[in-house]
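Peer 1: Here it is, the structure in full.
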């Protein structure tokens, strides 16, 4: 099945959770050093038993031993909130190892401790199921005051809130998290969200579909090889700064593919927007907006494309647009192309300062 067929297929959490996993199952780690099998602490993984206490006991034991891995065999582990301290990894054996938010829990599934900074936690090789039909609140993973945490090869599906929430507090920000080789689907919030206390985020090889927003852009972030599809907005930068996006693709979103509001020092390289504005309400492929208090400035757009020639689904108003705002300034647009957009390819240069274009 190609991507077009997948996008047109009947969706839902059942499709995404029940389908054959995209990754091959991984076996139990060979090294037993620092490894705690969740079943030895009483976890059942039968899809019915509340395994919260057993799973948390395994995590706490790993922490008490100075750090280690909690291993989840294949199964469905129903749970409420699990607190993951620094130095501890939760590792499954592929997407057959499922942590499912218990019906009626209405909480975040995995969180970090509050009130202190935590270092080097890992969530790896498993599926997190938000059980959205039986919960109306809760994110998949919420990092708070976490430094160098890694989320790798995780599928997050069906959360009422965001799939991954990055944040913290004054004096306890989340710094340098890695999110790689993950999929986030069918979430009521963003696929990846953030608050003001988050920086230096690395997002690589991530697929996000059918969420309210794909990625809410963190400060000082690096995104590469990210695909976002059928969200309300693909990438939303809101007062973000110092972000670099390479080979990020947004397709068939209801509103904008890329929306940057009051952002500064943003680099876009080889990014793609097409078949967005599915709501047919005048949205663009790449949209830049600014105000006097929060201008959108110093934006580099190199080798990007917006729109598809001849596609019946192409509804983007402009390929690249500043919305006529005089507070979108210092734009470099080089080697870009726009095809098949409803009004025009480019609607830039409304600002008071330099707009530099080359080879459009």
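Residue numbers (this note's numbering): 1 to 360.
Here a beta-carbon is modelled for each residue, glycine too, at the ideal position from N, C-alpha and C.
Note that this is a predicted model, so its numbers are computed, not measured.
In whole angstroms, give me the CA-to-CA distance for residue 302 and residue 221.
Peer 2: The C-alpha of residue 221 is placed about 18 Å away from the C-alpha of residue 302.
Peer 1: Helix, strand or coil: how does DSSP classify residue 56 here?
Peer 2: helix
Peer 1: Alpha carbon to alpha carbon, how far is residue 147 from residue 27? Give it in angstroms, no decimals.
Peer 2: With a pLDDT of 48 at residue 27, under the threshold of 50, the predicted position of this residue should be treated as unreliable, and no value is reported.
Peer 1: Counting along the chain, where does the beta strand (DSSP E) carrying residue 247 start and finish?
Peer 2: Segment 241-251, the beta strand (DSSP E) holding residue 247.
Peer 1: Taking the beta strand (DSSP E) that residue 95 falls in, what are its first and last residues?
Peer 2: Note, residue 95: premise wrong, no beta strand (DSSP E); not H, not E.
Peer 1: By the DSSP assignment, the beta strand (DSSP E) with residue 330 in it spans what residues?
Peer 2: 328-334
Peer 1: Please identify the residue among 234, 289, 316 and 298 whose C-alpha is closest to the C-alpha of residue 280.
Peer 2: 316
Peer 1: Where do the N-terminal and C-terminal ends of the beta strand (DSSP E) with residue 371 fall, by residue?
Peer 2: The chain is shown from 1 up to 360; residue 371 falls before or after that span and cannot be answered.
Peer 1: From residue 62 to residue 90, what does the alpha carbon distance come to, in whole angstroms?
Peer 2: Those two C-alpha atoms are separated by around 10 Å.
Peer 1: To the nearest angstrom, report how far apart residue 83 and residue 328 are at their CA atoms.
Peer 2: Straight-line Cα distance between these residues: approximately 43 Å.
Peer 1: What are the start and end residues of the beta strand (DSSP E) that includes residue 342?
Peer 2: Segment: none, residue 342 is in no beta strand (DSSP E) and carries neither H nor E.
Peer 1: Between the C-alpha atoms of residue 340 and residue 154, what's the straight-line distance to the nearest angstrom?
Peer 2: 36 Å
Peer 1: Can you grab the Cα-Cα spacing for the pair residue 116 / residue 145, in whole Å?
Peer 2: 7 Å
Peer 1: When DSSP labels each residue in this structure, what does residue 220 get in the three-state scheme?
Peer 2: coil
Peer 1: CA-CA distance, residue 293 and residue 265?
Peer 2: 16 Å
Peer 1: Tell me whether residue 112 is buried or exposed, calling it buried when 16 or more other Cβ atoms sit within 10 Å of its Cβ.
Peer 2: buried
Peer 1: Quick one: is residue 310 buried, meaning 16 or more other Cβ sit within 10 Å of its Cβ, or exposed?
Peer 2: exposed
Peer 1: Report, in whole angstroms, the separation of the C-beta atoms of residue 68 and residue 118, which I expect to be a contact under 8 Å.
Peer 2: Contact between residue 68 and residue 118 is absent: CB atoms are separated by about 15 Å, not below the 8 Å threshold.
Peer 1: Reducing DSSP to helix, strand and coil, say where residue 49 ends up.
Peer 2: Residue 49 falls in the strand class under three-state DSSP.
Peer 1: Given a threshold of 16 other Cβ atoms within 10 Å of its Cβ, counted over all protein chains shown, does residue 48 qualify as buried or as exposed?
Peer 2: exposed
Peer 1: Bridge partners of residue 238, per DSSP?
Peer 2: 261
Peer 1: For residue 133, count neighbouring C-beta atoms within 10 Å of its own C-beta (all shown protein chains included) and say buried if the count is 16 or more, exposed if not.
Peer 2: exposed
Peer 1: With DSSP as the reference, label residue 204 as helix, strand or coil.
Peer 2: DSSP places residue 204 within a strand segment (E or B) once states are collapsed to three.
Peer 1: Could you tell me which residues DSSP puts in a beta bridge with residue 152?
Peer 2: 124 and 180
Peer 1: Using beta-carbon positions only, say whether residue 296 and residue 261 come within less than 8 Å of one another.
Peer 2: yes
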